[in-house]
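Student: Below you'll find the structure I mean.
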Amino acid sequence: MITKLVLIDDDRYFRRSAQRFLESHLPDIHIISCDSAEEGERLITLHQPSVVVLDIKLPGIDGLELLDRMEHKARDPFVVVISGQQATEEQVNSTYIDALNRGALHFHRKGDGEQKLLAIVRRQMEADAARRSREPLAEILELPELDLTLYPNENQARYADMDVRLTPIESRYLGLLMSHNGNTVSLQTFYEALCDAEGESARHFDQTNKQNIRTHICYLRKKLGQDSNSEQLIETVRTKGYRLVSS
């Protein structure tokens, strides 16, 4: 089983080095990396990772604030916070306590080396495997105000007393729309979801990708009993993406 890990650090050298090292030692890991908390939050929402490796000092929103925001996510990943090599012992201890109070499970100082980070991540992967074995097979997403329910693991939905059979990507797209209830899901996010579902890396996002997304949305609308261009439930946000709306 593949474990997803989101690595958030604005130090490009560390980010690339850590990703290469972890991937070379952990064949069952898929790492998605970025350099800001804002992008990290988006990737966490999109990919629902099992593990997050998070730098504390980031431009804009810092790691501690992102930890606070992660409390409201549907999935609760294992979080490893990291600090720079120049941090003093007093700074490390203070940051560690703050991070633990916000839900982090481990602390790693970059100067402690990649082998220690590897051991921490491997331990979290084992803990996640044990957690998954205890989880029910199907998770249910419900929006009662829209009379809409999704069973992601079954690729099945129920809308206005109508049972709807979905393809895996249609199920993934509907899940994105429901988890962002009322907020716009960007075309880029839909594209990355498609790549993730197919086990591919997201590359250049072009007009062909946009057309593929529109096609999937049209089919999804039809299966939900609407005209392919209907804005009744899934609204087009011009040049940006799509969102769910109440009738």
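In this note's numbering, each residue's number is its place in the sequence shown (first place is 1) plus 62.
Think of the CB as a built atom: it goes at the ideal place given N, C-alpha and C, for glycine as much as any other residue.
Since the model is a prediction, treat every value here as computed from it, not as a measurement.
Are the CB atoms of Ser95 and Gln110 within a distance shorter than 7 Å?
Tutor: In the sequence shown, residue 110 corresponds to position 48, counting from 1. In the sequence shown, residue 95 corresponds to position 33, counting from 1. No, the Cβ-Cβ distance between Gln110 and Ser95 is not below 7 Å.
Student: If you draw a straight line from the C-alpha of Glu103 to the C-alpha of Gly125, how long is it?
Tutor: For the purposes of this step, residue 103 is identified with residue 41 of the sequence shown, where counting begins at 1. For the purposes of this step, residue 125 is identified with residue 63 of the sequence shown, where counting begins at 1. Taking the straight line joining both Cα atoms gives about 10 Å.
Student: State whether the stretch 199-219 contacts the stretch 165-179, with contact taken as three or more CB pairs (one from each stretch) at a distance under 8 Å.
Tutor: The stretch 199-219 vs the stretch 165-179: no contact.
Student: Should Arg283 and Ile296 be called a contact, given that it needs their Cβ atoms to be closer than 7 Å?
Tutor: Taking the first residue of the sequence shown as 1, we reach residue 283 at position 221. Taking the first residue of the sequence shown as 1, we reach residue 296 at position 234. Yes, they are a contact pair.
Student: What residues match up with Phe140 in a beta bridge as DSSP calls it?
Tutor: Walking along the sequence shown from the start, residue 140 turns up at place 78. DSSP lists Val113 as partners of Phe140.
Student: Name the DSSP bridge partner or partners of Gln218?
Tutor: Locating residue 218 in the sequence shown gives position 156, where the first residue counts as 1. Partner(s): Tyr213 and Arg227.
Student: Can you round the beta-carbon distance between Val113 and Asp190 to whole angstroms, since I take them to be within the 8 Å contact cut?
Tutor: The residue given as residue 113 occupies position 51 in the sequence shown. The residue given as residue 190 occupies position 128 in the sequence shown. Sure, about 7 Å apart at Cβ, within 8 Å.
Student: Lys203: which of Leu239, Leu179 and His170 sits nearest, CA to CA?
Tutor: Locating residue 203 in the sequence shown gives position 141, where the first residue counts as 1. The amino acid occupying residue 203 in the given sequence is Leu; Lys does not appear at that position. With distances taken between Cα atoms, Leu203 lies closest to Leu239.
Student: If contacts are defined as beta-carbon pairs under 8 Å, then Ile106 and Met132 qualify, I think. What distance do you get, rounded to the angstrom?
Tutor: If you number the sequence shown from 1, residue 106 lands on position 44. If you number the sequence shown from 1, residue 132 lands on position 70. Yes, they are in contact, since the Cβ atoms of Ile106 and Met132 sit about 7 Å apart, within 8 Å.
Student: Please state if the CB of Tyr158 and the CB of Phe169 are separated by a distance shorter than 7 Å.
Tutor: Within the sequence shown, numbered from 1, the residue matching residue 169 stands at position 107. Within the sequence shown, numbered from 1, the residue matching residue 158 stands at position 96. For Phe169 and Tyr158, yes; Cβs fall inside 7 Å.
Student: Which partner residues of His92 appear in the DSSP bridge assignment?
Tutor: For the purposes of this step, residue 92 is taken as residue 30 along the sequence shown, with counting starting at 1. According to DSSP, His92 bridges with Lys66.
Student: Using only CA atoms, which one of Ser308, Gly303, Lys66 and Leu306 lies nearest to Arg184?
Tutor: Your numbering for residue 184 matches position 122 in the sequence shown. That would be Lys66, whose Cα lies nearest to the Cα of Arg184.
Student: Sorry if obvious, but does the Cβ on Arg74 come closer than 6 Å to a heavy atom of the ligand FMN?
Tutor: For the ligand FMN, the structure offers nothing, since it holds no ligand at all.
Student: Ignore the nearest five residues each way along the sequence and tell me which others in Thr229's own chain have a CB closer than 7 Å to its CB.
Tutor: Taking the first residue of the sequence shown as 1, we reach residue 229 at position 167. So the qualifying residues of the chain are Asn217.
Student: Pull the bridge partners of Thr298 from the DSSP assignment, please.
Tutor: Translated into the one-based positions of the sequence shown, residue 298 becomes position 236. Note: Thr298 sits in a beta bridge opposite Tyr304.
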